[in-house]
Amino acid sequence: MNKYEISYVKMAGVESVGEEHWCLVVPKQEAEERRRRLLEAGLLDRRYRPRQEGDTVLLPLTDGVPGAVLREFEAVPERPDLPRHEIVGGIAIMQENDPAGAGRLLASRPSLHTVLFPETPVEGEYRTRRFAVLAGVPTTRTRVTEYGLRFDVDLSHAYFSARLSTERQRVLAAMEEGERVLDMFAGVGPFAVTLARKADLVVAADLNPAAVHLLVENITLNRVNNVVPVLADAGHLPRYGFRPFDRVIMNLPLAAPRFLPEAAALCRDGGTIHLYALEEQDWEYLSLIREVTWGEVIERRVRTYSPGKWHAVYDITLEG
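Going by this note's numbering, the sequence shown opens with residue 1393, and the numbers climb by one from there.
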(Lines of atoms letter the chains of each structure in order from A and count residues from 1; the text may use other names and numbers.)
(Lines give C-alpha, C1' and ligand atoms only; values in the text may rest on other atoms or scores of the structure.)
Protein backbone atom coordinates (compact mmCIF):
# COMPACT_ATOMS: atom_id res chain seq x y z
CA MET A 1 0.00 0.00 0.00
CA ASN A 2 1.48 3.39 -0.92
CA LYS A 3 0.50 6.68 0.64
CA TYR A 4 -1.85 7.69 -2.16
CA GLU A 5 -3.84 4.53 -2.80
CA ILE A 6 -7.34 3.93 -1.52
CA SER A 7 -7.33 1.42 1.32
CA TYR A 8 -10.13 -0.66 2.73
CA VAL A 9 -9.33 -1.51 6.32
CA LYS A 10 -11.41 -3.60 8.68
CA MET A 11 -10.56 -2.78 12.30
CA ALA A 12 -12.50 -3.96 15.37
CA GLY A 13 -15.16 -5.31 13.05
CA VAL A 14 -15.76 -1.93 11.35
CA GLU A 15 -14.87 -1.35 7.72
CA SER A 16 -13.42 2.10 6.96
CA VAL A 17 -12.61 3.71 3.65
CA GLY A 18 -9.95 6.39 3.37
CA GLU A 19 -6.75 7.58 1.77
CA GLU A 20 -3.47 6.99 3.58
CA HIS A 21 -1.47 10.17 3.86
CA TRP A 22 1.38 11.81 5.80
CA CYS A 23 0.29 13.78 8.86
CA LEU A 24 1.44 15.24 12.15
CA VAL A 25 -0.17 14.01 15.36
CA VAL A 26 -0.48 16.92 17.81
CA PRO A 27 -2.15 17.39 21.22
CA LYS A 28 -5.71 18.65 20.87
CA GLN A 29 -4.97 21.88 22.79
CA GLU A 30 -2.17 22.77 20.35
CA ALA A 31 -4.03 21.81 17.17
CA GLU A 32 -5.28 25.25 16.09
CA GLU A 33 -1.90 26.97 16.47
CA ARG A 34 -0.06 24.13 14.70
CA ARG A 35 -2.66 24.12 11.91
CA ARG A 36 -2.15 27.84 11.32
CA ARG A 37 1.64 27.48 11.28
CA LEU A 38 1.48 24.59 8.79
CA LEU A 39 -0.92 26.59 6.63
CA GLU A 40 1.43 29.60 6.59
CA ALA A 41 4.37 27.35 5.69
CA GLY A 42 2.42 25.73 2.84
CA LEU A 43 2.63 22.31 4.53
CA LEU A 44 -1.03 21.75 5.41
CA ASP A 45 -2.77 19.62 2.80
CA ARG A 46 -6.22 21.18 2.51
CA ARG A 47 -7.47 18.39 0.26
CA TYR A 48 -8.06 16.28 3.38
CA ARG A 49 -9.99 16.85 6.59
CA PRO A 50 -8.01 17.00 9.86
CA ARG A 51 -9.47 14.51 12.30
CA GLN A 52 -9.45 13.79 16.01
CA GLU A 53 -7.98 10.60 17.41
CA GLY A 54 -8.37 10.38 21.17
CA ASP A 55 -6.73 13.42 22.77
CA THR A 56 -4.82 14.25 19.60
CA VAL A 57 -5.59 15.82 16.23
CA LEU A 58 -4.17 14.53 12.95
CA LEU A 59 -3.10 17.30 10.55
CA PRO A 60 -2.61 16.15 6.92
CA LEU A 61 0.62 17.30 5.24
CA THR A 62 1.61 18.06 1.66
CA ASP A 63 4.74 15.94 2.17
CA GLY A 64 6.54 13.87 4.77
CA VAL A 65 8.44 15.90 7.37
CA PRO A 66 10.35 14.83 10.51
CA GLY A 67 7.87 13.30 12.93
CA ALA A 68 5.22 12.63 10.27
CA VAL A 69 3.27 9.36 10.26
CA LEU A 70 0.88 7.70 7.82
CA ARG A 71 -2.82 7.73 8.67
CA GLU A 72 -6.11 7.54 6.80
CA PHE A 73 -7.97 10.71 5.86
CA GLU A 74 -11.25 11.59 4.24
CA ALA A 75 -10.88 13.79 1.16
CA VAL A 76 -12.60 17.18 1.24
CA PRO A 77 -15.35 17.31 -1.42
CA GLU A 78 -14.51 19.58 -4.32
CA ARG A 79 -15.95 23.05 -3.89
CA PRO A 80 -17.47 25.15 -6.62
CA ASP A 81 -15.32 27.84 -8.19
CA LEU A 82 -15.55 30.67 -5.67
CA PRO A 83 -14.52 34.32 -6.01
CA ARG A 84 -11.54 35.69 -4.09
CA HIS A 85 -12.50 36.70 -0.57
CA GLU A 86 -11.40 37.23 3.03
CA ILE A 87 -13.30 35.78 5.97
CA VAL A 88 -13.96 37.85 9.11
CA GLY A 89 -16.16 35.89 11.48
CA GLY A 90 -19.43 35.25 9.67
CA ILE A 91 -18.70 37.82 6.96
CA ALA A 92 -16.92 37.29 3.64
CA ILE A 93 -15.33 40.35 2.03
CA MET A 94 -15.04 39.96 -1.74
CA GLN A 95 -12.50 41.69 -3.94
CA GLU A 96 -14.92 42.12 -6.84
CA ASN A 97 -18.45 43.50 -7.01
CA ASP A 98 -19.99 40.21 -8.14
CA PRO A 99 -23.47 39.50 -6.70
CA ALA A 100 -23.72 36.14 -8.47
CA GLY A 101 -20.36 35.05 -7.04
CA ALA A 102 -21.45 36.33 -3.65
CA GLY A 103 -24.49 34.06 -3.80
CA ARG A 104 -22.31 31.03 -4.57
CA LEU A 105 -19.95 31.96 -1.78
CA LEU A 106 -22.76 32.35 0.76
CA ALA A 107 -24.24 28.99 -0.22
CA SER A 108 -20.85 27.24 0.03
CA ARG A 109 -20.17 28.06 3.69
CA PRO A 110 -22.84 27.47 6.35
CA SER A 111 -20.88 29.64 8.79
CA LEU A 112 -21.36 32.77 6.64
CA HIS A 113 -24.27 35.14 7.10
CA THR A 114 -23.17 38.07 4.92
CA VAL A 115 -21.04 38.83 1.86
CA LEU A 116 -19.68 42.37 1.48
CA PHE A 117 -17.84 44.37 -1.16
CA PRO A 118 -15.71 47.37 -0.02
CA GLU A 119 -16.79 50.49 -1.89
CA THR A 120 -13.85 52.51 -0.51
CA PRO A 121 -10.32 51.75 0.70
CA VAL A 122 -9.44 52.06 4.38
CA GLU A 123 -9.52 55.83 4.81
CA GLY A 124 -9.81 58.72 7.24
CA GLU A 125 -8.48 59.15 10.75
CA TYR A 126 -10.74 56.32 11.98
CA ARG A 127 -9.46 53.76 9.39
CA THR A 128 -12.90 52.74 8.14
CA ARG A 129 -14.44 51.59 4.85
CA ARG A 130 -17.89 51.72 3.28
CA PHE A 131 -19.35 48.39 2.18
CA ALA A 132 -22.07 47.19 -0.15
CA VAL A 133 -23.99 44.08 0.93
CA LEU A 134 -23.88 41.60 -1.96
CA ALA A 135 -25.65 38.67 -0.30
CA GLY A 136 -27.11 37.55 3.01
CA VAL A 137 -28.02 39.54 6.10
CA PRO A 138 -27.59 43.32 5.60
CA THR A 139 -25.04 43.93 8.37
CA THR A 140 -21.37 44.78 8.82
CA ARG A 141 -21.26 43.39 12.37
CA THR A 142 -20.00 39.91 13.27
CA ARG A 143 -18.21 37.94 15.96
CA VAL A 144 -14.69 36.61 15.40
CA THR A 145 -13.25 33.69 17.39
CA GLU A 146 -9.46 33.65 17.64
CA TYR A 147 -7.43 31.23 19.77
CA GLY A 148 -10.23 30.89 22.31
CA LEU A 149 -10.98 34.64 22.45
CA ARG A 150 -14.07 36.34 21.02
CA PHE A 151 -14.23 39.75 19.38
CA ASP A 152 -17.33 41.66 18.31
CA VAL A 153 -16.46 43.60 15.16
CA ASP A 154 -18.31 46.16 13.05
CA LEU A 155 -16.35 46.53 9.82
CA SER A 156 -17.97 49.82 8.84
CA HIS A 157 -17.10 51.47 12.16
CA ALA A 158 -13.67 50.06 13.05
CA TYR A 159 -10.88 48.33 11.12
CA PHE A 160 -10.16 44.68 11.89
CA SER A 161 -7.80 42.19 10.24
CA ALA A 162 -8.17 38.48 11.00
CA ARG A 163 -4.93 37.89 9.08
CA LEU A 164 -2.83 39.06 12.04
CA SER A 165 -4.04 36.35 14.41
CA THR A 166 -0.79 34.37 14.14
CA GLU A 167 1.22 37.57 14.59
CA ARG A 168 -0.63 38.32 17.82
CA GLN A 169 0.28 34.85 19.09
CA ARG A 170 3.93 35.43 18.14
CA VAL A 171 4.10 38.59 20.23
CA LEU A 172 2.31 36.86 23.11
CA ALA A 173 4.89 34.05 23.03
CA ALA A 174 7.72 36.60 23.17
CA MET A 175 6.35 38.29 26.31
CA GLU A 176 7.42 37.72 29.88
CA GLU A 177 4.77 37.33 32.57
CA GLY A 178 3.78 40.59 34.25
CA GLU A 179 4.73 43.05 31.50
CA ARG A 180 3.23 46.52 31.14
CA VAL A 181 1.97 46.89 27.57
CA LEU A 182 0.78 49.88 25.55
CA ASP A 183 -1.33 49.36 22.42
CA MET A 184 -1.23 52.75 20.72
CA PHE A 185 -3.81 51.94 18.01
CA ALA A 186 -5.95 49.32 19.71
CA GLY A 187 -9.04 49.27 17.51
CA VAL A 188 -11.56 46.76 18.89
CA GLY A 189 -8.84 45.17 21.02
CA PRO A 190 -7.41 42.04 19.32
CA PHE A 191 -3.82 42.75 20.40
CA ALA A 192 -4.78 44.20 23.79
CA VAL A 193 -7.06 41.35 24.85
CA THR A 194 -4.67 38.69 23.51
CA LEU A 195 -1.62 40.11 25.30
CA ALA A 196 -3.60 40.55 28.51
CA ARG A 197 -3.12 36.81 29.03
CA LYS A 198 0.47 37.49 30.16
CA ALA A 199 0.51 41.20 30.94
CA ASP A 200 0.12 42.83 34.31
CA LEU A 201 -1.47 45.83 32.61
CA VAL A 202 -2.44 46.73 29.04
CA VAL A 203 -3.32 50.33 28.18
CA ALA A 204 -5.34 50.20 24.93
CA ALA A 205 -5.74 53.55 23.17
CA ASP A 206 -7.59 54.57 20.02
CA LEU A 207 -8.84 57.78 18.48
CA ASN A 208 -12.03 56.21 17.08
CA PRO A 209 -14.94 56.36 19.58
CA ALA A 210 -16.76 53.47 17.86
CA ALA A 211 -13.65 51.31 18.08
CA VAL A 212 -13.22 52.08 21.79
CA HIS A 213 -16.89 51.26 22.38
CA LEU A 214 -16.35 47.82 20.78
CA LEU A 215 -13.09 47.46 22.72
CA VAL A 216 -15.01 47.91 25.99
CA GLU A 217 -17.52 45.27 24.82
CA ASN A 218 -14.71 42.85 24.00
CA ILE A 219 -12.99 43.39 27.34
CA THR A 220 -16.26 42.39 29.02
CA LEU A 221 -16.95 39.56 26.57
CA ASN A 222 -13.59 37.93 27.36
CA ARG A 223 -13.77 38.68 31.11
CA VAL A 224 -10.49 40.58 31.06
CA ASN A 225 -9.72 42.78 34.05
CA ASN A 226 -6.28 44.17 33.22
CA VAL A 227 -7.00 46.16 30.04
CA VAL A 228 -7.61 49.90 30.40
CA PRO A 229 -9.38 51.46 27.37
CA VAL A 230 -8.37 55.03 26.52
CA LEU A 231 -10.00 57.31 23.94
CA ALA A 232 -7.00 59.35 22.79
CA ASP A 233 -4.86 60.52 19.91
CA ALA A 234 -1.64 58.49 20.02
CA GLY A 235 0.36 61.68 19.57
CA HIS A 236 -0.94 62.97 22.92
CA LEU A 237 -0.22 59.84 24.98
CA PRO A 238 3.18 61.00 26.33
CA ARG A 239 1.36 63.84 28.10
CA TYR A 240 -0.73 61.43 30.20
CA GLY A 241 2.05 60.71 32.68
CA PHE A 242 2.23 56.94 32.18
CA ARG A 243 5.11 55.06 33.75
CA PRO A 244 7.30 53.64 30.92
CA PHE A 245 5.98 50.44 29.33
CA ASP A 246 7.85 47.18 28.71
CA ARG A 247 6.26 46.71 25.29
CA VAL A 248 4.55 49.03 22.80
CA ILE A 249 2.34 47.83 19.93
CA MET A 250 2.06 50.14 16.89
CA ASN A 251 -0.43 48.51 14.52
CA LEU A 252 -1.43 51.33 12.21
CA PRO A 253 0.33 50.31 8.98
CA LEU A 254 -0.45 53.45 6.96
CA ALA A 255 0.68 55.95 9.60
CA ALA A 256 2.41 54.27 12.57
CA PRO A 257 6.01 55.21 11.62
CA ARG A 258 5.38 58.90 12.20
CA PHE A 259 4.47 58.14 15.84
CA LEU A 260 7.82 56.50 16.62
CA PRO A 261 9.08 59.42 18.77
CA GLU A 262 5.98 59.10 20.97
CA ALA A 263 6.40 55.32 21.19
CA ALA A 264 10.05 55.72 22.22
CA ALA A 265 9.07 58.25 24.89
CA LEU A 266 6.57 55.76 26.33
CA CYS A 267 8.80 52.65 26.26
CA ARG A 268 11.42 51.87 28.91
CA ASP A 269 15.08 51.47 28.04
CA GLY A 270 15.54 47.84 26.97
CA GLY A 271 11.84 47.49 26.18
CA THR A 272 10.38 46.42 22.84
CA ILE A 273 8.42 48.32 20.20
CA HIS A 274 6.53 46.37 17.52
CA LEU A 275 6.12 48.70 14.55
CA TYR A 276 3.77 47.54 11.76
CA ALA A 277 4.07 49.31 8.43
CA LEU A 278 3.33 48.93 4.75
CA GLU A 279 6.48 49.04 2.66
CA GLU A 280 7.73 48.60 -0.89
CA GLN A 281 11.34 47.70 -0.05
CA ASP A 282 13.05 45.85 2.79
CA TRP A 283 14.22 48.02 5.71
CA GLU A 284 12.31 50.98 4.33
CA TYR A 285 11.88 52.52 7.80
CA LEU A 286 15.28 51.72 9.30
CA SER A 287 16.59 55.28 8.95
CA LEU A 288 13.50 56.59 10.74
CA ILE A 289 13.97 54.03 13.51
CA ARG A 290 17.61 55.06 13.91
CA GLU A 291 16.45 58.58 14.70
CA VAL A 292 14.98 57.29 17.97
CA THR A 293 17.19 54.31 18.95
CA TRP A 294 20.37 52.39 18.17
CA GLY A 295 19.03 49.20 19.70
CA GLU A 296 18.58 45.89 17.88
CA VAL A 297 16.05 45.87 15.04
CA ILE A 298 14.58 42.76 13.42
CA GLU A 299 12.39 43.13 10.35
CA ARG A 300 10.06 40.47 8.93
CA ARG A 301 7.27 40.34 6.39
CA VAL A 302 3.85 39.59 7.86
CA ARG A 303 1.75 39.25 4.69
CA THR A 304 1.37 40.50 1.15
CA TYR A 305 -0.77 43.64 0.90
CA SER A 306 -0.85 44.36 -2.83
CA PRO A 307 1.47 43.82 -5.82
CA GLY A 308 4.87 45.26 -4.86
CA LYS A 309 3.77 46.16 -1.31
CA TRP A 310 3.70 44.14 1.89
CA HIS A 311 2.83 44.38 5.56
CA ALA A 312 6.02 44.28 7.65
CA VAL A 313 6.82 44.33 11.34
CA TYR A 314 9.92 45.81 12.96
CA ASP A 315 10.75 44.40 16.41
CA ILE A 316 12.76 47.21 17.98
CA THR A 317 14.75 46.97 21.23
CA LEU A 318 14.85 50.48 22.64
CA GLU A 319 18.27 51.77 23.70
CA GLY A 320 18.71 55.39 24.64
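Heads up, the beta-carbon is just placed ideally off N, CA and C, and yes, glycines get one too.
Asked                                                                                                                              : Found
Helix, strand or coil at Pro1630 according to DSSP, with G and I counted as helix                                                  : helix
Where the beta strand (DSSP E) containing His1666 begins and where it ends                                                         : 1659 to 1671
At least 3 beta-carbon pairs within less than 8 Å: the stretch 1474 to 1490 vs the stretch 1509 to 1520                            : yes
Own chain partners of Leu1498 with C-beta closer than 6 Å, once the 5 adjacent residues on each side are dropped                   : Leu1504, Val1507, Ala1527, Gly1528
Pairwise C-alpha distance: Glu1672 and Lys1701                                                                                     : 5 Å
Rounded C-alpha distance that separates Val1573 from Val1457                                                                       : 38 Å
Among Arg1692, Pro1582, Asp1544, Ala1657, nearest to Gly1482 - alpha-carbon criterion                                              : Asp1544
Meets three-Cβ-pair contact criterion under 8 Å: the stretch 1617 to 1625 and the stretch 1640 to 1654                             : no
Short Cβ contact (8 Å threshold) for Val1594 with Val1619                                                                          : yes
Short Cβ contact (8 Å threshold) for Arg1555 with Arg1695                                                                          : yes
Paired residues, beta bridge with Trp1414 - DSSP                                                                                   : Leu1462
Minimum length 3: unbroken beta strand (DSSP E) runs contained in the stretch 1477 to 1513                                         : 1477 to 1480, 1483 to 1486, 1506 to 1510
C-beta atoms of Arg1560 and Phe1583 nearer than 8 Å                                                                                : yes
Residues of its chain near Val1608, where Cβ-Cβ distance is below 6 Å and the 5 sequence neighbours each way are ignored           : Pro1621
For Ala1597, the first and last residue of its enclosing beta strand (DSSP E)                                                      : 1593 to 1598
Alpha carbon of Val1536 to alpha carbon of Arg1542, nearest angstrom                                                               : 6 Å
C-beta atoms of Thr1586 and Arg1428 nearer than 8 Å                                                                                : no
Cβ-Cβ distance between Leu1416 and Leu1462 below 8 Å                                                                               : no
Cutoff 6 Å; reference Ala1588; Cβ partners in own chain excluding five residues on either side                                     : Val1594, Val1616, Asn1618, Val1619
Contacts around Phe1552, its chain only, beta-carbon distance under 8 Å, and the 5 residues preceding and following it disregarded : Val1480, Val1536, Phe1543, Val1545, Gly1579, Val1580, Pro1582
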